[in-house]
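Engineer: Can you read through this structure? Questions will come right after.
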Amino acid sequence: MTKTVYIKTVGCQMNVLDSEMVIADLKRHGYTVVDSPGEADLLLYNTCSIREQAEEKTYSALGKLKETKARHPEKTIGVMGCMAQKDQETIFRRAPFVDMVVGPGQLHAIPDMLTKVTSGEGRQMAVSLGRKDGKQTVVARSHETFDPLRDPTMRPTPFQAYLRIQIGCDKFCTYCVVPNTRGPEQGRSPEEIVSEARVLAEQGALEITLLGQTVNSYRHRGPDGETDMAGLLERLHDIDGLKRIKFVTNYPKDMTARLLETIRDLPKVSPYLHVPAQSGSDAVLKRMKRGYTIADYMEMFERIETILPEASVSSDFIVGFCGETDEDFQKSVKLIERCRFKNSFIFQYSVREGTKAAANLIDDVPREVKAARNNELLAVQDRISKEDNQKLIGDTVEVLVEGPSKKADRSDPDAPVVQMTGRTICDRIVVFDGNRRQAGQLMDIQIDDVSSHTLIGRVKTVEVVSLGMPG
Ligand code: 5AD
Ligand code: SF4
């Protein structure tokens, strides 16, 4: 008998990929995917711990399942992802009707856990070791990368795929929970990565996005020596069928000249660089233990401008980190103005249990001040994004068409012309009037108008020059 699974994913691209993997695995165990929790035998929640708000949303979604479980005790409810690793037993305490808690380093255990739950062995938990629970190698081994056969049907589009190259993080920024939830940094072997990329290309992937918390710090030591990010990109570039290679997220200190030159020399590699600065103030960066100063960041930024002048750079900022003064904050404004990022993701600092900042620093910036700084920084970034997008009016850009836009989703499904959306190789979003069959094509779009986040264009018509009939 086939069983049904519903999965709700929140958080980063790693979680999106983990959900794809878990579903591929469950399908091999006889499950089919359904779109609503009401139809499902198994309800999975893939969770995020990066900020408190993400966790509270999950706990409130779980709370709503209390009645569902009371009416349908035969349904299995599982919590996976970073919150599962971080909160462990707390999840059973706050939501006693949950049957399974699975950390991101133990996803392979899900089918076995399901068998145990359904055969009446009671609730199950599979989590990795904490950073202090053993020797580094033992802790690392308990955080396993989970990359079984790929399932193209689970991807947002069949021609775009994520590919994990690294798990965990050893940078220990003081605000961040990731080194605890995802464990020590480990690079996957280049052989495994390349063979998975070949499978993806055979499945029709035109664009792959390599994932790692600090993806440009990638390294793997094997019998033939060490492979770094530049070496890996060179190997992936040779794969037929792939048209674009992207990668996120980068760590400023590891953006070396060698890597930038490799990106420049490999046409399929996207010159889009997401390199979070987090703050424009040296004092704040020091308390964050980011490992660089603004002078270092600017040196890196100038290196990008020199070697890869066509690159688009984006950033993350945290506002209201412990001890951030108005003066510190103004330095973040200044950094955005100096670097003119393509876009920035801006977050209000949220204390995370288990981090150095939670233990040693005081969360002393009032909520209203965090909100005001968030708005101010966003406004500065939006103005800059719009100004820089305006320079593209009249240009023609190559777009990988992803599918109908959100606006088209609301329009008549049989309409011959719908608004389509896609991205340039520098990750700029482009919308244009087209048709649904264009999804998955690389098309030239001429830009007519822009907003802060979107380029608006039309399909560039090819000029036909009549040369007369030969003969
Ligand atoms: N509070 C707010 N934002 C955070 N981030 C990471 N940890 C926290 C936190 N405790 C942000 C950083 C990171 C992005 C993914 O989330 O900017 O780059
Ligand atoms: Fe978190 Fe810092 Fe690692 Fe990024 S580099 S995942 S912010 S600890």
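Each residue of the sequence shown is one higher than the one before, counting from 226 in the numbering used here. Yeah, the Cβ is synthetic: ideal placement off N, Cα and C, and Gly gets one too. Here the structure is a predicted model, which is why all the values come from computation and not from measurement.
#1: How many Å lie between Thr686 and Leu435 at the Cα?
#2: Could you name the residues that DSSP lists as bridge partners for Val643?
#3: Mind pulling the beta strand (DSSP E) runs of 3 or more residues that sit fully within the segment 339-364?
#4: Look at the Cβ atom of Cys651, then the Cβ atom of Glu552, and state whether they are nearer than 9 Å.
#5: Provide the residue span of the alpha helix (DSSP H) that contains Ile418, from first to last.
#6: Return the chain-ordered list of same chain residues with a C-beta closer than 6 Å to the C-beta of Gly579, the five sequence neighbours on each side being excluded.
#7: Beta-carbon separation of Val538 and Phe566 under 9 Å?
#8: Out of curiosity, what's the CA-to-CA distance linking Lys631 and Val643?
#9: With respect to 8 Å, is the separation between the Cβ of Tyr476 and the closest non-hydrogen atom of ligand 2 below this value?
#10: If you pair each beta-carbon of the segment 494-511 with each one of the segment 462-478, do three or more pairs fall below 8 Å?
#11: Given this structure, state the Cα-to-Cα distance separating Pro409 from Gln361, to the nearest angstrom.
#12: In this structure, does DSSP put Ala309 in helix, strand or coil?
#13: Please state if the CB of Glu549 and the CB of Val590 are separated by a distance shorter than 9 Å.
#14: What runs of the alpha helix (DSSP H), each 4 residues or longer, lie entirely inside the segment 572-628?
#15: Look at Gly393 and His445 and say whether their C-beta atoms are less than 9 Å apart.
#16: Within 9 Å of any Cβ in chain C, is that where the Cβ of Glu552 sits?
#17: Measuring CA to CA, which of Gln331, Arg319, Met325, His297 is closest to Asp243?
#18: Give the straight-line distance between the Cα atoms of Thr370 and Pro641, rounded to the nearest whole angstrom.
#19: When you compare the segment 660-670 with the segment 372-390, are there three or more beta-carbon pairs, one atom per stretch, that lie closer than 8 Å?
#20: Just list the residues that DSSP pairs Ile392 with in beta bridges.
#21: Below 9 Å between beta carbons: does that hold for Leu338 and Ile248?
#22: Which term fits Arg638, buried or exposed, when burial requires 16 or more other beta carbons within 10 angstroms of its beta carbon?
#23: Do the segment 503-522 and the segment 454-474 touch if we need at least three Cβ pairs shorter than 8 Å?
#24: Figure out for me which residue from Arg598, Asp673, Gly288, Ala597 has the closest Cα to the Cα of Leu617.
#25: Please list the terminal residues of the continuous beta strand (DSSP E) segment that includes Glu451.
#26: I need the boundaries of the alpha helix (DSSP H) containing Asp372, first residue and last residue.
#27: For Asp490, is the classification buried or exposed, using 16 other Cβ atoms within 10 angstroms of its Cβ as the cut-off for buried?
#28: Mapping DSSP to helix, strand and coil, what is Val235?
#29: Measuring alpha carbon to alpha carbon, tell me which residue in Arg648, Ile609, Arg635, Val342 is nearest Val622.
#30: Using alpha carbons as the reference points, say which of Ile654, Leu269, Met523, His368 lies closest to Val403.
#31: For ligand 2, is there any heavy atom lying closer than 8 Å to the beta carbon of Thr370?
#32: Can you determine whether any heavy atom of ligand 1 sits closer than 8 Å to the C-beta of Ser414, and answer yes or no?
#33: For a test of the three-state rule: what should DSSP assign to Val259, helix, strand or coil?
#34: From Ser442 to Leu457, what does the alpha carbon distance come to, in whole angstroms?
#35: If you count every other CB in all the chains shown that lies within 10 Å of the CB of Asp453, and 16 or more means buried, which is it?
#36: For Ser569 and Asn240, what's the separation of their Cα atoms in angstroms?
Structural biologist: A quick look at the data gives this:
#1: 33 Å
#2: Gly659
#3: 349-351
#4: no
#5: 415-427
#6: Asn405
#7: yes
#8: 10 Å
#9: yes
#10: yes
#11: 8 Å
#12: helix
#13: yes
#14: 581-585, 592-615
#15: no
#16: No chain C appears in the structure shown, which is made up of a single protein chain.
#17: Gln331
#18: 44 Å
#19: yes
#20: Gln411
#21: Reading the sequence as shown, one finds Met at residue 338 and not Leu. In this structure, Ile248 does not lie closer than 9 Å to Met338 by Cβ.
#22: Going by the sequence as given, residue 638 is Pro instead of Arg. That one is exposed.
#23: no
#24: Asp673
#25: 450-453
#26: Unbroken run through Asp372: none, as it is neither H nor E.
#27: exposed
#28: coil
#29: Arg648
#30: His368
#31: no
#32: no
#33: coil
#34: 12 Å
#35: buried
#36: 21 Å
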